[in-house]
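Okay, structure first, notes after.
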Amino acid sequence: MRNARNLFVATPVVALAIIVCATGVHLHAQRAPSAQERTLSRMDRLEAWVAAVNQHTPGTADEAALAINRWSSADLRGVWIDVSSLVGLVREPTVSVFFLPGDPELRSTTGGWVTVTPSSGRPMAISYSGRDLDHLRRLAVPLGSPTDGRENLLLKRGAMLHADVAMLAPADARFAVKSRTGSKRYRLNMNDGQPTGIESEANHWDMGRRLLERVRYRDPRGGAVRGPGADETVRLWYIATCAHLISVGDLDPAHFVRAIELFPRNPDLLFLRAVLHETMGSARRQSAMRKADVPAGVIFAIGSRNDELSLAERFYKRALEVAPDFEEARIRYARVMGERGRHEEALVELQKVAAVQGPLLQYYAALFLGGELEALGKDDEARRAYERAAELSPTAQSPRLAISRLAAGRDRAAAREALLTLAEQEPQGEARDDAWWVYDIAAGRVADEALAALHKAIENGGR
Amino acid sequence: MTRCRATVIVMAGVTLAGVGLSPARAEAQQPTFSSKLEAIRVDAFVTDRGGVIRGLQPSDFEVRDNGVAQTVDLVSFQQIPLNVILALDTSASVSGDRLDDLQKACRALLDRLTKDDKAALLTFSNLVLLRERLTPEIARVRDTLEEVVPFGETSLVDGTHAATLLAGDDGARNLLIVFSDGLDTASWLAPERVLDSARRADIVVYAASSRDAEDSKFLDELGRLTGGGLIKIASTKDLSVTFLRILDEFRNRYLLSYSPVGVAKDGWHRLEVRLKNRRATIRARAGYQAGQ
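Going line by line, the protein sequences match chains C and X.
Each residue of the first sequence is one higher than the one before, counting from 481 in my numbering.
Each residue of the second sequence is one higher than the one before, counting from 2 in my numbering.
Quick look at the structure:
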């Protein structure tokens, strides 16, 4: 992943629409049956879900995904319980009562946001009627014996299905299905720094994460049982989905938090987590959050600008400790330090990536170097850095404006000339591009590549 | 259906593309740094209890440059042509009625300019677009105004910087009117550095903004530093009135001039302008930068 980050971002047509997501889990609320529940029995619903998982082609919003897209949060919660039981039955064929761990919640700590299981979230006992248990056993038959590991593939394919629903299926259909129970996802939409509304939907990202939590392997040589944190496909799932969320400006802290809990030393995930916080510290998101009319009981996991930038710096630093050659992380690390007023330190970091490869990263490195030198009053060096950025991206306005601003203090003719140089260049007007404008989402540009790797892994059995 | 990420959560079709300053060519100018120590010009708006005080003479003014009293010449405000630069936020949020109101306000202002005045037009979304350099052909500016199509995010600071560079060096008085309804979400330039550049320029900046105080800090400071001001508007409905008020106020300012004596040639010069023999509220730029 790290070596693939060297392409200029193609001119995207993407609105920075969603800024932050909150998760609401309502376990103990009064149940209200959804439309889906009224038409499908519990076991039929489970069977429909298993069929959808098996029919789904990863990377598409096919019929299976569109059908699941209409399910309510209560449906998802019910299915998650029964899938969990189904997996339990495969692993321990003789059991008839199943236990679910308490639902985790996203909590703020001094170290940022983490998922915790609250004291009230005790394991739940799940029991079935004899008829339902028989049905469950029939569904377990194709999943084989405890040593086959086929239930893991079901979980991974299920997580892929729910990720594809969240990524590809029309959101309007999810907004339309209301339910009082289950895990909901609240989306704060924004446009140009202004909140434009909050919507709730069944939380397919949460469903994907929950399914993957049940992935288990027993070492064939008799070792300990290993969980999702040891699984390559789970790792790919988190990298691909986190990159996707960054690429579309959909910032769901719970997703990134869990990714790091499972893979605390993965440089790509540490990097993406840092990008999440850097982006949440941006003016547009801070402004939208400040002005949003958030419903009672909903908490968006976004801190102050300073807190978010502090977290960003911490996670970039961790990524660089694991992978010192991670140049994009270093460039962004430097930018965050600069944003926090530590220009000398930022300059040192940027000087380490003087030989960075690829036009996009070269452009960012030169632009940010110019900014840090300018902040330190080294105007001549700053101008040279901006000129380098302008060479790398001749039509980008940011370095040209910076050059003109540097000149403005002593030679307004030169300042105006720098401005007009840009005005006279081809292409003109709206056909021009500046990678600075897509900085927030540029780190997610590997999403397609990462998703392709994930699809391949799943098609190959998810091992 | 295959992956179609861009359609999943798009809000307003914001295109993060497109950049640039269009070459609205006019005759080449020979700009110079106008805050020379040889002659400093200070636009001053003088009021008493809200009413403009007219008929003042040079001897009525006391101008202190870094605390040192200066000998003031006065140029009648009625004799000096204007260079009016319009810097307009045309991000996606300025569409529909807001755009209509904005265009209407600009037309009203342009209609009030005289044959000796010039106008320029710059728009900014994430893209800073120089649409017309300073030109006496006001009708051309008016026509160009109709071509504006809102899109994208808001580069308020970048756009303001570019607009200040459009100020003329032809002896006319430079007025920059900035309209924005948006928080800066896309600029590269740092606000404090653009403010530093603006205070060196011979230009008075008025801003009209519908944003809250937190979002308007830059414009507020810009107005204060250049001797203009920030006008908060509840909606764009009465924007024409606001723009005409700005123009009227600008026409009713005194243009003071003096050759600095007894002060350093370089650095920041703090300006104090007051009337010697009567009470008044005077709005003038806070100072000027000389030398490097």
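Here a beta-carbon is modelled for each residue, glycine too, at the ideal position from N, C-alpha and C.
Residue i in three-state terms, based on DSSP
| i | result |
| --- | --- |
| PRO603 of chain C | coil |
| ALA285 of chain X | strand |
| GLY662 of chain C | strand |
| PRO581 of chain C | coil |
| ASP686 of chain C | helix |
| SER680 of chain C | strand |
| GLN535 of chain C | helix |
| ASP267 of chain X | coil |
| GLY709 of chain C | helix |
| GLN58 of chain X | coil |
| GLY52 of chain X | strand |
| GLN31 of chain X | For GLN31 of chain X, the predicted structure reports a pLDDT of 31, less than 50, and the residue's modelled location is therefore unreliable. A value from the coordinates is still provided. If DSSP states are grouped into helix, strand and coil, GLN31 of chain X belongs with coil. |
| ARG925 of chain C | coil |
| LEU22 of chain X | Any reading at LEU22 of chain X needs caution, since the residue's pLDDT is 37, under 50, leaving its predicted position unreliable; the model's value is listed next. DSSP places LEU22 of chain X in coil when its eight states are reduced to three. |
| ARG812 of chain C | helix |
| ASP66 of chain X | strand |
| GLU758 of chain C | helix |
| THR721 of chain C | helix |
| ASN746 of chain C | coil |
| ARG630 of chain C | helix |
| LEU847 of chain C | helix |
Counterpart residues of residue i in DSSP-defined beta bridges
| i | result |
| --- | --- |
| PHE180 of chain X | X:LEU89 and X:ALA209 |
| PRO82 of chain X | According to DSSP, which records beta bridges pairwise, PRO82 of chain X is partnered with nothing at all. |
| SER258 of chain X | X:ARG42 and X:ASP74 |
| PHE125 of chain X | X:ASP90 and X:VAL129 |
| LYS858 of chain C | According to DSSP, which records beta bridges pairwise, LYS858 of chain C is partnered with nothing at all. |
| LEU692 of chain C | In DSSP, LEU692 of chain C forms no bridge with anything. |
| ILE232 of chain X | X:ALA209 |
| ALA1 of chain X | Since the first residue of chain X shown is 2 and the last is 293, residue 1 of chain X is not available in this structure. |
| GLU871 of chain C | DSSP output for GLU871 of chain C lists no bridge partner at all. |
| LEU900 of chain C | The partner list for LEU900 of chain C (beta bridge, DSSP) is empty, contrary to what the question assumes. |
| LEU276 of chain X | X:PHE62 |
| THR186 of chain X | Per DSSP, none; premise fails for THR186 of chain X. |
| TYR919 of chain C | Beta-bridge pairing links TYR919 of chain C to no other residue. |
| VAL47 of chain X | X:ILE283 |
| GLN698 of chain C | According to the sequence provided, residue 698 of chain C is Arg. The question's Gln does not apply to it. Answer is C:VAL705, bridged to ARG698 of chain C. |
| LYS119 of chain X | X:ASN84 |
| ARG174 of chain X | X:LEU83 |
| GLU136 of chain X | The sequence as given places Thr at residue 136 of chain X; Glu does not occur at that position. DSSP, once it has assigned bridges, lists X:ALA120 as partnering THR136 of chain X. |
Contact set between residue i and chain C, taken where Cβ atoms lie within less than 8 Å
| i | result |
| --- | --- |
| VAL129 of chain X | GLN877 and LEU881 |
Chain X residues whose Cβ lies nearer than 8 Å to that of residue i
| i | result |
| --- | --- |
| ALA763 of chain C | LEU184, ASP185 and THR186 |
| GLN842 of chain C | Here the premise fails: no neighbours, minimum Cβ distance about 16 Å. |
| GLY662 of chain C | The premise fails here: GLY662 of chain C is roughly 21 Å from chain X at the closest Cβ pair, so nothing lies under 8 Å. |
| GLY889 of chain C | ASP197, SER198, ARG201, GLN290 and GLN293 |
| LEU899 of chain C | LEU22, LEU131, ALA163 and LEU166 |
| ARG550 of chain C | Per Cβ cutoff of 8 Å: no residues; ARG550 of chain C is ~15 Å from chain X at best. |
| ARG571 of chain C | Within 8 Å Cβ-Cβ: nothing; ARG571 of chain C doesn't reach chain X, min ~34 Å. |
Contact set between residue i and chain X, taken where Cβ atoms lie within less than 7 Å
| i | result |
| --- | --- |
| SER767 of chain C | LEU184 and ASP216 |
| SER884 of chain C | LEU166 |
C-beta neighbour in chain B for residue i, strict 9 Å
| i | result |
| --- | --- |
| ASP686 of chain C | Of the protein chains in the structure, C and X, none is chain B. |
* Asked: When you check each C-beta in the stretch 263-277 of chain X against every C-beta of chain C, which residues fall closer than 7 Å?
  -> none
* Asked: Taking a cut of 7 Å between CB atoms, which residues from the stretch 93-126 of chain X lie near chain C?
  -> ALA93 and SER94
* Residues of the stretch 188-204 of chain X with Cβ closer than 8 Å to any Cβ of chain C, in chain order -> TRP189, LEU190, ALA191, ARG194, VAL195, ASP197, SER198, ARG201 and ALA202
* Contact residues within the stretch 138-172 of chain X, judged by C-beta distance below 7 Å to chain C -> GLU154, THR155, ASP159, HIS162, ALA163 and LEU166
* Asked: When the Cβ atoms of the stretch 683-701 of chain C are set against those of the stretch 635-648 of chain C, are three or more pairs found closer than 8 Å?
  -> yes
* Taking only beta carbons into account, state which residues of the stretch 278-291 of chain X come closer than 8 Å to chain C, listed in chain order. => GLN290
* Closer than 8 Å, Cβ to Cβ, to anything on chain C: give me those residues from the stretch 237-248 of chain X, in chain order. => none
* To do: Report yes or no: do the stretch 92-104 of chain X and the stretch 149-159 of chain X share at least 3 C-beta pairs separated by less than 8 Å?
  => yes
* Asked: Counting pairs of Cβ atoms below 8 Å between the stretch 652-659 of chain C and the stretch 609-628 of chain C, do you hit three or more?
  -> no
* Asked: Taking contact to mean at least 3 C-beta pairs separated by less than 8 Å, is the stretch 66-80 of chain X in contact with the stretch 254-272 of chain X?
  -> yes
* Contact residues within the stretch 911-932 of chain C, judged by C-beta distance below 7 Å to chain X -> ALA911, ARG912, ASP913, ASP914, TRP916, TRP917 and VAL918
* Quick check: the stretch 847-861 of chain C against the stretch 161-175 of chain X, are there 3 or more CB pairs under 8 Å? -> no
* What residues from the stretch 805-821 of chain C come within 7 Å of chain X, judged by C-beta to C-beta, listed N to C? -> none
* What are the residues of the stretch 828-856 of chain C that lie near chain X, defined by any Cβ-Cβ distance shorter than 8 Å? -> LEU847, GLY851, GLU854 and ALA855
* If you pair each beta-carbon of the stretch 743-763 of chain C with each one of the stretch 773-792 of chain C, do three or more pairs fall below 8 Å? -> yes
* Asked: Is the number of C-beta pairs between the stretch 878-886 of chain C and the stretch 152-168 of chain X that are closer than 8 Å three or more?
  -> yes
* Would you say the stretch 107-122 of chain X touches the stretch 234-248 of chain X, given that touching needs at least three Cβ pairs under 8 Å? -> yes
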